[in-house]
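Colleague: This structure is in structure tokens; I'll ask about it shortly.
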Amino acid sequence: MYELKTKETDADVLEYIETSVPENRREDAFKLLDLFTEASGFAGKMWGKSIIGFGSYHYTYASGHEGDAALAGFSQRKSKISIYLGCTGTDKDKLLSKLGKHTSGKGCVYINRLCDVDTDILKELIRLSIYELQTKYPANG
22 MYELKTKETD ADVLEYIETS VPENRREDAF KLLDLFTEAS GFAGKMWGKS
72 IIGFGSYHYT YASGHEGDAA LAGFSQRKSK ISIYLGCTGT DKDKLLSKLG
122 KHTSGKGCVY INRLCDVDTD ILKELIRLSI YELQTKYPAN G
């Protein structure tokens with residue numbers, strides 16, 4: 022049976038930023054921590070070794086595969102900051118068109134520095150992601 026590699030851990034988010042994020046990227050990491058906390062209403066938690074996630078949801082696919090994931094999050098990668106979002110569709114596309122300098126994939130937005138993007142738009146993207154995921158995967162029980 023497949024086991025998820027990226028799970029919520031008890032690791033300390035601030036310690037991770039202080040010890041694992043390159044010094045020249047720490048300021049952005051702390052600002053993103055505050056921005057995601059404000060936009061999501063959740064405290065940051067470590068997911069796996071390098072993702073800071075906010076909130077969580079449980080999903081079950083038609084195939085029967087199920088698991089837990091963060092509602093939104095970010096990770097400081099070597100060359101870019103990865104922002105994990107679960108939103109889709111035209112609302113996401115409209116916001117991305119206003120975000121600033123970025124590239125994107127299916128569930129990620131990649132930025133070089135936080136100053137390259139409009140943080141108010143980023144907050145809207147985070148809120149949209151949380152809304153869509155909580156709507157699609159309402160809490161059980």
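If you count the sequence shown from 1, you need to add 21 to reach the numbering used here. The C-beta atom is built at its ideal place from N, Cα and C for all residues, glycine as well.
Could you say which of 35, 72, 42 and 49 lies nearest to residue 28 if we only look at CA atoms?
Modeller: The option with the nearest alpha carbon to residue 28 is 72.
Colleague: Smallest Cα separation from residue 102: which of 33, 114, 141 and 130?
Modeller: Residue 130 is the option with its Cα nearest to residue 102.
Colleague: Rounded to a whole number of angstroms, what is the C-alpha to C-alpha distance between residue 140 and residue 119?
Modeller: Those two C-alpha atoms are separated by around 10 Å.
Colleague: Is residue 151 near residue 92, with beta carbons less than 8 Å apart?
Modeller: Yes.
Colleague: Buried or exposed for residue 100, going by 16 or more other Cβ atoms inside 10 Å?
Modeller: Classification for residue 100: exposed.
Colleague: Can the beta-carbon of residue 94 be found closer than 8 Å to that of residue 78?
Modeller: Against a cut-off of 8 Å, the Cβ pair of residue 78 and residue 94 comes out as no contact.
Colleague: Considering Cα atoms alone, identify which of 44, 38, 62 and 87 is closest to residue 145.
Modeller: Nearest of 44, 38, 62 and 87 to residue 145, Cα basis: 62.
Colleague: Where does the unbroken alpha helix (DSSP H) through residue 156 begin, and where does it stop?
Modeller: It spans 140–157 - the alpha helix (DSSP H) in which residue 156 sits, taken as one unbroken run.
Colleague: Short check: CB of residue 60 to CB of residue 148, under 8 Å?
Modeller: Yes, the pair counts as a contact, with Cβ atoms nearer than the cut-off.
Colleague: Ignore the nearest five residues each way along the sequence and tell me which others in residue 66's own chain have a CB closer than 6 Å to its CB.
Modeller: These residues qualify, in order along the chain: 29 and 74.
Colleague: May I ask you to report which of helix, strand or coil DSSP gives residue 64?
Modeller: Reduced to three states, the DSSP call for residue 64 is coil.
Colleague: Helix, strand or coil for residue 129, going by three-state DSSP, please let me know.
Modeller: In the structure shown, residue 129 sits in a strand (DSSP, three-state: E or B).
Colleague: What does DSSP give as the partner residues of residue 91 in its beta bridges?
Modeller: In the DSSP output, where bridge partners are listed per residue, residue 91 has 77.
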